[in-house]
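Chemist:
Numbering (our numbering), first residue to last: 2 to 220.
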């Protein structure tokens, strides 16, 4: 067993689990309670109706921040317990340190608001966020981990005022990845109804005005 897996048992670490094979892709914030005798991961589950679709054998990806480094792994649900709500994940075959990400996005530093959605499309919260990277296809933002819902779908709405604009642009998108560092960093992919979507026109106009040589390639 990878030594990093044993390290996951130290303390009550937060683990962010992404389920892509459920009817509605879910992002779940769990807490590691400990390791089983077979090195399985026992995690506390939020008591949320949205988790009723979770079944044994479903695969997921996990990410956790340990001493400033982000570790990631893939596993499957081994057991679901109801009292109290807990989930046992099979021992990951490998736990690896996450490598730096590269994105063709421009560096920005602006405030915005994000509305994470439930699996039924209901707005769960309106959260102030700080956008740090932006492109015509998506963005990256930071938010306090404690503010993010314990269970959400991968879909969200983002509103912000782009530099040089006197109105707010409203984007719909989906979560591509999460980095659970001191602040929760979330990378999103935009979805537009058509090229004439007002938000698409706004971000394209802003992006083409930036001369593109300002591209930041670090996450």
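Glycine residues also receive a C-beta, built at the ideal position from the N, C-alpha and C atoms.
Bear in mind that the values here come from a model prediction, so they are computed numbers and not experimental data.
If contacts are defined as beta-carbon pairs under 8 Å, then residue 155 and residue 187 qualify, I think. What distance do you get, rounded to the angstrom?
Modeler: Their Cβ separation, rounded to whole angstroms, is 10 Å, which puts residue 155 and residue 187 out of contact at 8 Å.
Chemist: Among the candidates 123, 107, 131 and 121, whose CA atom is the shortest distance from the CA of residue 114?
Modeler: Cα-wise, what sits closest to residue 114 is 131.
Chemist: Is the number of C-beta pairs between the stretch 195-209 and the stretch 125-141 that are closer than 8 Å three or more?
Modeler: Yes, they touch.
Chemist: So, residue 144 versus residue 51, is the Cβ gap smaller than 7 Å?
Modeler: The answer is no: Cβ separation not under 7 Å.
Chemist: Using the three-state DSSP reduction, which class does residue 134 fall into: helix, strand or coil?
Modeler: Looking at residue 134 - three-state DSSP - the assignment turns out to be strand.
Chemist: Heavy atom of the ligand GDP less than 6 Å from the Cβ of residue 99, yes or no?
Modeler: This structure does not include the ligand GDP; it has no bound ligands of any sort.
Chemist: What is the DSSP secondary structure of residue 203, reduced to helix, strand or coil?
Modeler: Residue 203 falls in the helix class under three-state DSSP.
Chemist: Determine the burial state of residue 16: buried for a count of at least 16 other Cβ atoms within 10 Å of its Cβ, exposed for fewer.
Modeler: With 16 or more other Cβ atoms within 10 Å, it is buried.
Chemist: Output needed for residue 193: all residues of its chain with C-beta closer than 6 Å, excluding positions within five of it in sequence on either side, in chain order.
Modeler: Excluding sequence neighbours, residue 193 sits near 201.
Chemist: Could you check how far apart the C-beta atoms of residue 60 and residue 75 are, in whole angstroms? I think they sit under 8 Å.
Modeler: Between residue 75 and residue 60 the Cβ distance is about 7 Å, and since that is below 8 Å, they are a contact.
Chemist: The beta strand (DSSP E) with residue 127 in it runs from where to where?
Modeler: No beta strand (DSSP E) holds residue 127; DSSP gives it neither H nor E.
Chemist: Among 21, 97 and 171, which has the Cα closest to the Cα of residue 56?
Modeler: Closest option to residue 56, Cα to Cα, is 21.
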